[in-house]
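Report on the following structure.
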Amino acid sequence: MSGLTVDRAACIGCGRCVRACVHAGIELVWDGPRKFACATDACVLCASCIDACPVDAISIHKDVSADACDLSSFHDILVVAQCGADGAVLPVTFELVGRARELADIRGCRVAVVLGQRAGAAGADGAGQLIAAGADEVLRCCDERLNHLDAEVYARWICQLIDAARPEAVLFGATAFGRELAPAVAVRIQTGLTADCTVLELDEKTGLLQQTRPAFGGNLMATIVCPDHRPQMASVRPGIFAAPEPDWARRGTVSDVTLDATIEPRVRVLETKPLHSDLSLADADCLLVIGRGIGSKKHVPLMRKLAEHLGAELGCTRPLVEAGWLDYAHQVGQTGVSVAPRVLLSLGVSGAIQHLAGISGAQTIIAVNEDPDAPIFGVAHYRVVADCVEFASALLG
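First residue of the sequence shown: 81, per this note's numbering; consecutive thereafter.
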């Protein structure tokens, strides 16, 4: 059985491991005249106690079962495509295919895309677009059972394809449906899943997918790996990666696959109603994002006017939503909408980690802030140290 082990002969009972553990997963117990560390049921194997131990008395023991996963039998990167109501492939899919292509070139492997299309869907050229974006093969299925986004139906189908193809890594877009689908697949194939990644890197030799995402409320960035199970799975929000320019000269394979006859939906959809919204931050070409530096809610109308003048959508940071200045639909960042506009004008935004992660796809960032040391200036292409309200007023003339 896997777990935390303590070498009692080496342990000096200093208690540093206890102070380092935030889960109360280790404690000091008495054994005759001396005390030593001992793991509790609360241990989550985070290894913080190992790092704290000055005498290397603590280690993590992992059992290797007889039916352990043969990592060498897995290869290639699989991207799960998502389509809109009209059958067209969503932009996040092309973003993932572009990044998968870059990782596959490092690893020397192929990129395959799973494309489930509704029967009679309009976006028939989706496979060609995916190949132009960097896919080597598209596994396409057109079936009326895919007419509705039923996570159970899609998960069972994708798991069958994973069992057959044995990909080294599987990538999902972290849309509303992707957030439901990815965990359903991970549970069925008994592997790990890292959600809302902002950085994906691949070790050329080991094939380990290094999945980076904000942790502890966005106060630090955690890089997560899955060393013992395959495939490695990650989801990425729309707008994190830039979509590649299509190369229509690329050649690839389109394989039509079937949905097993035993897969039947357990939910019957009686009616669907579209959600109408004039706000589309994720698709905005020009974006004006405001933060607490605008000073007061009374300045929001001025910012709206500036956004209209620039032909931009208006976004904001999380504190403004929490203060009730704007609705959640306007929130930009890791906890809101990840964006990738051509131009992003940032007014009064300090630049918290989770916000910077959500705007990393922007091509040009212009930041205005009174604080010359604001973190937003670290990612901005153009920096203005000034009062953002006066700046906005000057732009409007």
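Virtual Cβ for every residue (Gly too), placed ideally from N, Cα, C.
When we look at the beta-carbon of residue i and count the other beta-carbons within 10 Å, is it buried (16 or more) or exposed?
{"i": "Val86", "result": "buried"}
{"i": "Thr173", "result": "buried"}
{"i": "Glu470", "result": "exposed"}
{"i": "Met81", "result": "Confidence in Met81 is poor, its pLDDT being 44 and thus under 50, which makes the residue's placement unreliable; the coordinate value appears in the next sentence. Label assigned to Met81: exposed."}
{"i": "Glu217", "result": "buried"}
{"i": "Trp405", "result": "buried"}
{"i": "Leu476", "result": "exposed"}
{"i": "Leu339", "result": "buried"}
{"i": "Glu175", "result": "buried"}
{"i": "Ile157", "result": "buried"}
{"i": "Leu300", "result": "exposed"}
{"i": "His141", "result": "exposed"}
{"i": "His120", "result": "According to the sequence provided, residue 120 is Thr. The question's His does not apply to it. Exposed."}
{"i": "Ile186", "result": "exposed"}
Considering Cα atoms alone, identify which of the options is closest to residue i.
{"i": "Glu393", "options": "Ile140, Leu251 and Met383", "result": "Met383"}
{"i": "Leu289", "options": "His309, Gln414, Val412 and Ile343", "result": "His309"}
{"i": "Ala442", "options": "Asp340, Ile320 and Thr397", "result": "Ile320"}
{"i": "Asp205", "options": "Cys222, Ala474 and Ala420", "result": "Cys222"}
{"i": "Ile242", "options": "Asn227, Arg259, Gln270 and Glu260", "result": "Gln270"}
{"i": "Thr278", "options": "Ala437, Asp453 and Asp131", "result": "Ala437"}
{"i": "Arg293", "options": "Ser315, Arg398 and Glu284", "result": "Ser315"}
{"i": "Ala364", "options": "Leu282, Ser473, Ile157 and Gly395", "result": "Gly395"}
{"i": "Cys480", "options": "Cys133, Cys101, Phe257 and Val135", "result": "The displayed coordinates of the chain run from 81 to 477. Any statement about residue 480 would go beyond what the structure contains."}
{"i": "Leu367", "options": "Phe154, Arg422, Thr286 and Asp131", "result": "Arg422"}
{"i": "Gly458", "options": "Ala432, Glu284, Gly477 and Gly83", "result": "Ala432"}
{"i": "Pro455", "options": "Ala472, Val429 and Asp467", "result": "Val429"}
{"i": "Gln162", "options": "Leu261, Gly188 and His155", "result": "Leu261"}
{"i": "Asp166", "options": "Asn227, Val369 and Ala474", "result": "Asn227"}
{"i": "Leu424", "options": "Tyr462, Gly416 and Asp453", "result": "Tyr462"}
{"i": "Trp110", "options": "Cys91, Ala362, Val177 and Val369", "result": "Cys91"}
What would DSSP say about residue i, mapped onto helix, strand or coil?
{"i": "Thr173", "result": "helix"}
{"i": "Leu280", "result": "strand"}
{"i": "His155", "result": "coil"}
{"i": "Val347", "result": "coil"}
{"i": "Leu229", "result": "coil"}
{"i": "Ser145", "result": "Unreliable placement is indicated for Ser145, whose pLDDT of 49 sits below 50; no coordinate value is reported for it."}
{"i": "Ile456", "result": "helix"}
{"i": "Ala202", "result": "Confidence at Ala202 is low in this model, with a pLDDT of 47, below 50, so the placement of that residue should be treated as unreliable; the coordinate-derived value is given next. Here Ala202 sits in coil by DSSP."}
{"i": "Gly428", "result": "coil"}
{"i": "Gln240", "result": "helix"}
{"i": "Gly373", "result": "helix"}
{"i": "Gly178", "result": "helix"}
{"i": "Arg190", "result": "coil"}
{"i": "Asp363", "result": "helix"}
{"i": "Gly164", "result": "coil"}
{"i": "Val401", "result": "helix"}
{"i": "Cys91", "result": "coil"}
{"i": "Lys353", "result": "coil"}
Where do the N-terminal and C-terminal ends of the beta strand (DSSP E) with residue i fall, by residue?
{"i": "Trp110", "result": "Ile106 to Asp111"}
{"i": "Gln312", "result": "Gln312 to Val316"}
{"i": "Pro294", "result": "Leu289 to Ala295"}
{"i": "Ala512", "result": "Residue 512 cannot be examined here, being either before or after the span of the chain that is shown, 81 to 477."}
{"i": "Leu251", "result": "Ala249 to Gly253"}
{"i": "Glu217", "result": "Glu217 to Asp223"}
{"i": "Glu393", "result": "Glu393 to Cys396"}
{"i": "Ala447", "result": "Thr444 to Asn449"}
{"i": "Ser418", "result": "From DSSP, Ser418 is part of no beta strand (DSSP E); its letter is neither H nor E."}
Note down, in chain order, each residue of its chain lying with its Cβ closer than 8 Å to the Cβ of residue i, except the 5 sequence neighbours on either side.
{"i": "Ala460", "result": "Ser426, Ile445, Ile446 and Ala447"}
{"i": "Leu108", "result": "Gly93, Gly95, Val98, Lys115, Phe116, Ala117 and Cys118"}
{"i": "Asp407", "result": "Val401"}
{"i": "Ala192", "result": "Asp156, Ile157, Leu158, Val159, Ala215, Asp216, Glu217, Val218, Leu219, Ala245 and Pro247"}
For residue i, report the span of its alpha helix (DSSP H) as first-last.
{"i": "His435", "result": "Ile433 to Gly438"}
{"i": "Asp121", "result": "No alpha helix (DSSP H) contains Asp121, which DSSP labels as neither H nor E."}
{"i": "Cys468", "result": "Cys468 to Leu476"}
{"i": "Val98", "result": "Arg96 to Ala100"}
{"i": "Ser128", "result": "Ser128 to Ala132"}
{"i": "Arg268", "result": "Ala256 to Ile269"}
{"i": "Leu390", "result": "Val380 to Leu390"}
Under 6 Å Cβ to Cβ from residue i, same chain only, skipping five residues before and after it: list those, please.
{"i": "Gln312", "result": "Ala249, Leu289 and Cys306"}
{"i": "Arg88", "result": "Phe116"}
{"i": "Arg236", "result": "Ile343"}
{"i": "Ala295", "result": "Ala302"}
{"i": "Thr397", "result": "Gly371, Val429 and His435"}
{"i": "Asp131", "result": "none"}
Grab me the residues of residue i's own chain with a C-beta within less than 7 Å of its C-beta, minus the 5 sequence neighbours each way, in chain order.
{"i": "Arg317", "result": "Ala254, Asp276 and Ser418"}
{"i": "Gly391", "result": "Cys366"}
{"i": "Gly258", "result": "Gln162, Phe252 and Ser315"}
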